[in-house]
Amino acid sequence: MRLKTLIATAALAAVMGTAPAMAELVFPALSYRTGPYAPNGIPFADGYADYLTLINERDGGVEGEKVRMVECETGYNTEKGVECYESTKGEGALVYQPLSTGITYQLIPKATADKIPVHSMGYGRTSAANGAIFPYIFNYPATYWDGASIIINYLLNENGGDLKGKKIALVYHNSAYGKEPIRTLEELAKKHGYTLSLYPVDHPGQEQKATWLQIRRDRPDYTLMWGWGVMNQVAIQEAVNIRYPMDHFIGVWWSGSENDVIPAGEAADGYKAVTFHGVGDNYPVFADIKKYVVDAGKAAGDGNNVGTALYNRGLYAAMLAVEAARTAMKIHNTKQINGEMMRDGMEGLNIDQARMTELGLPGFGPEIHVTCANHGGPGLGAIAQWDAKGKQWKLVTDFMEADREVVDALIKEDSEAYAKENNIEPRSCN
Amino acid sequence: MSPEFLYFIETVINGLMSGVMYSLVALGFVLIFKASGIFNFAQGVMALFAALTLVGLQTGQVPFAHLINAIFGTEIHHFGWELPAAVAIAGTLVVMVAFAWIFEKLVLKHLVNQEPIILFMATIGLAYFLEGFGDLMWGSDVKTLNVGIPSGGSFWWEDVTKTWAAEGSDYFGMYIDVLDVYAAVIAVILVIALTAFSQYTRTGRALRAVADDHQAAQSVGISLRSIWVIVWSIAGFVALVAGIMWGSKSGVQFSLSLIALKALPVLILGGFTSIPGAIIGGLIIGVGEKLAELYIGPLVGGAIENWFAYVVALVFLLFRPQGLFGEKIIERV
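Here you go:
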């Protein structure tokens, strides 16, 4: 895989070599194409790279400025991720996608000091959504706490608005990432009267029999999952084994890729996951990806991942980065932007459905409006359901709101505690 | 019987079944350590590589397709045929034997009479090489493994055990995964076959002679290099069995190599040189960790089974450093 990465990087470098070097837009990608989590890292990295290649090949760059993606292999390892950041930040990096909650936590103080934005899209520290305290950290369009609340709202809809007396289980990766939704789910349990049971699973999650014996014994009405990598596949297989109703099993977006459900075969049919973007490849932009990137032999991978959940997420992240750079150019009236300007562009990001249609992604995601104070974006998500026969995800709801009253209060509380611990004076966003 | 007691029995049975799965991995370690004194760090990766090769052959995947396509600008991925599971398993065995032969030729041959730590280091190198090589050869996507072994909870067992509960109790029968039952049967057959091989065949006796004393075995004409190829081939076969059973549960993916972590406490407990030890050790670890997770876990926040297995192993280590069935090493000074 390293060889593939090298070849892809070399190919991209060869393409970039023909462009003027002085005003290029540098987007580092801290990807992981090796190690146990590579099956998930590769499609995201491919989606991110392919969209940037599309922008260069089809449009000649962003407002005429070519994009240069600097890919650095982290192996999903926090130390390596920090090394990647340190070794690439000097190249004029405009925005980082750390692709790991652990790496994001390490980069929060570093990137803030270096004035380079970090976009931890749907992962990382949820309370970084408070832009007054985290000026360079963004997690739009949705956070883990939004995800947890959206799932509960969905279950409320499914149960006529009443979850009183229901038993909800959370199977989670026993790490900072997996524990993220617990506080939100506990607060929502108080509000809606359901009982929350917690089932931690240690890394890597290859063996979960004890967990699923408990679930079989406790018989929760719904089971939620905050898993990653092999933990997802094993959990779904174990749920199938104990004949847990799959349509009552709902994962977060990192537990909702094709990789997670395919090994369980047709028995995984009906499994659900919350998502903050569209599914499949039925959007006009994919025709352009095929024409300008895949068929032209410029794809980062072999093209097999196009349209999969994680590829789409990488593509979406790249699109948001490109649009933020474009916004930054307009705000500062220059095409040569730096990290600070990029931050302004991200805070000024305003993508409505008309713009999504122009980008070839009509309805792919909700409208996005980011501000100085709100780095978490709209916080909307939809529920996708796995169709095992068709081997595809299908959206079964529209994009729904999180419980802002609960989630925003938690963000405020947590971010203010962080500011106090670190002697940070919140900036004014008025 | 009360449902609580039946849950306890269910946990013990499922712990035993999980233990068998750990033993399948531990057996590979024992075979190589017994015959050559090498702690094979690459055993987990060998299971991964065997499973990758099996799926690749079964689904007609072109090996090194990414590399070939990148160099020659082609777009080939599949041969267009699918092999029956039995043929693919046989093909994988050939690959694992070839791997053992090449490894002996390129690495082990040059390390004869070196310190065990040097050989251990060589297996660390092998683990990383084989992981990268497997990735390059078969790709890193998650693959579905289906060799026809059924999986899922047994309805029959549920119905039988449902009647064991006291009348009026809301008990819905005991759970047992059919795949685990198959694994247990396969493990029993494997242990019988390995024991018969080592006791009743000429090669098996040679293996035992090498295990007892390399130099004495060589002095009576036993070829150490041939024995190593045989042992690594058998370990490759055991790795394939472990890869099939674990890969059927989670799909074949690179974290499969981490199953080696599950074998370590089994080896500490059962001893590095005993095949029955690997089985008994696996059973004790399996039951111990499952009971701990269900009955102690909720009191301390859960997710304790991984480290609890090592606690059990450490306790045994304090009383029997050579493991339950390991040979006590007495050296004259």
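So the sequences go chain by chain: A and B. Quick note on numbering: this note's numbering labels position 12 of the first sequence as 12, and the sequence is numbered without any gaps. So the mapping is simple: this note's numbering equals the position in the second sequence, first residue as 1, plus 430. Ideal Cβ placement from N, Cα and C applies to all residues, glycine included.
The count of Cβ pairs closer than 8 Å, one atom from the stretch 223 to 236 of chain A and one from the stretch 175 to 187 of chain A, reaches three, so the stretches are in contact. For B:Leu457, the enclosing alpha helix (DSSP H) has its first and last residue at 433 to 466.
If you look at B:Pro695, you'll find it isn't in any beta strand (DSSP E); it sits in the alpha helix (DSSP H) that goes 690 to 700.
Residue range 167 to 173 is occupied by the beta strand (DSSP E) that includes A:Ile168, with no alpha helix (DSSP H) assigned at that position. Under the Cβ criterion (8 Å, minimum of three pairs), the stretch 518 to 526 of chain B counts as touching the stretch 660 to 671 of chain B.
Taking a 10 Å sphere around the C-beta of A:Asn139, we find 16 or more other C-beta atoms and assign the residue as buried. Taking a C-beta distance under 7 Å as the contact criterion, A:Ile424 and A:Ile137 do not qualify as a contact pair.
Residue contact check for B:Leu688 against chain A: a CB pair falls below 7 Å. Annotation: Cβ neighbours of A:Gly265 in chain B (cutoff 8 Å, chain order): Thr574, Asn576. Taking a Cβ-Cβ threshold of 7 Å, the residues of chain B close to A:Tyr199 are Gly732, in chain order. Residue burial is scored here from C-beta neighbours: B:Gln544 has fewer than 16 other C-beta atoms within 10 angstroms and is therefore classed as exposed. Closest by C-alpha distance to A:Val118, out of A:Gly348, A:Gly301, A:Phe364, A:Met342, is A:Met342. Restricting attention to beta strand (DSSP E) runs no shorter than 3 residues, the stretch 386 to 415 of chain A encloses them at 392 to 395, ordered along the chain.
Rounded to the nearest whole angstrom, the CA to CA distance from A:Thr308 to B:Gln648 is 58 Å.
For the 7 Å CB-CB criterion, B:Ser466 and B:Ala708 do not form a contact. Taking 7 Å as the Cβ-Cβ cut-off, the stretch 206 to 221 of chain A approaches chain B at Gln206, Glu207, Lys209, Ala210, Leu213, Gln214, Arg216, Arg217, given in chain order. A:Cys72 carries a strand assignment under DSSP once its states are collapsed to helix, strand and coil. Per the Cβ contact rule, the stretch 46 to 54 of chain A is in contact with the stretch 302 to 319 of chain A (3 or more Cβ pairs under 8 Å). In this structure, A:Ser255 keeps its C-beta atom at 7 Å or more from the C-beta atom of A:Ala239. A:Ala264: not part of any beta strand (DSSP E); DSSP gives it neither H nor E. Neighbourhood of A:Val240 in chain B, by CB distance below 7 Å: Gly582, in chain order. Runs of alpha helix (DSSP H) with 4 or more residues, each lying fully within the stretch 631 to 662 of chain B, are found at 632 to 642, 644 to 649, listed in chain order. Within 10 angstroms of the beta-carbon of B:Ile548 lie fewer than 16 other beta-carbons, which makes it exposed. Distance from the CA atom of B:Asp643 to the CA atom of B:Arg655, rounded to whole angstroms, is 14 Å. For A:Val26, the enclosing beta strand (DSSP E) stretches over residues 25 to 31.
In the structure shown, A:Pro200 adopts extended strand secondary structure according to DSSP, grouped into three states.
The C-alpha of A:Ala38 lies about 43 Å from the C-alpha of B:Phe435. Shown here for B:Leu478: same chain residues with a beta carbon closer than 6 Å to its own, the five before and five after excluded, namely Leu686, Ser687 in chain order. Close to chain A, meaning a Cβ-Cβ distance shorter than 9 Å, are the following residues of the stretch 553 to 574 of chain B: Glu561, Gly562, Asp565, Leu566, Gly569, Ser570, Asp571, Val572, Lys573, Thr574. Residue environment: A:Tyr76 is assigned as buried (16 or more neighbouring CB atoms within 10 Å of its CB, all protein chains considered). Taking C-alpha positions only, A:Leu156 is separated from A:Gly303 by approximately 39 Å. Exposed is the label assigned to B:Asp600, since fewer than 16 other Cβ atoms lie within 10 Å of its Cβ. Contact check between the stretch 53 to 63 of chain A and the stretch 98 to 105 of chain A: fewer than three CB pairs, one atom from each, fall below 8 Å, which does not count as touching. Secondary structure in the stretch 675 to 754 of chain B: no beta strand (DSSP E) run of 3 residues or longer lies completely within the stretch. Using beta-carbon distances, B:Gly486 does not count as an interface residue toward chain A, since no partner is under 7 Å. Taking all protein chains shown into account, B:Gln645 has fewer than 16 neighbouring C-beta atoms within 10 Å of its C-beta and is therefore exposed.
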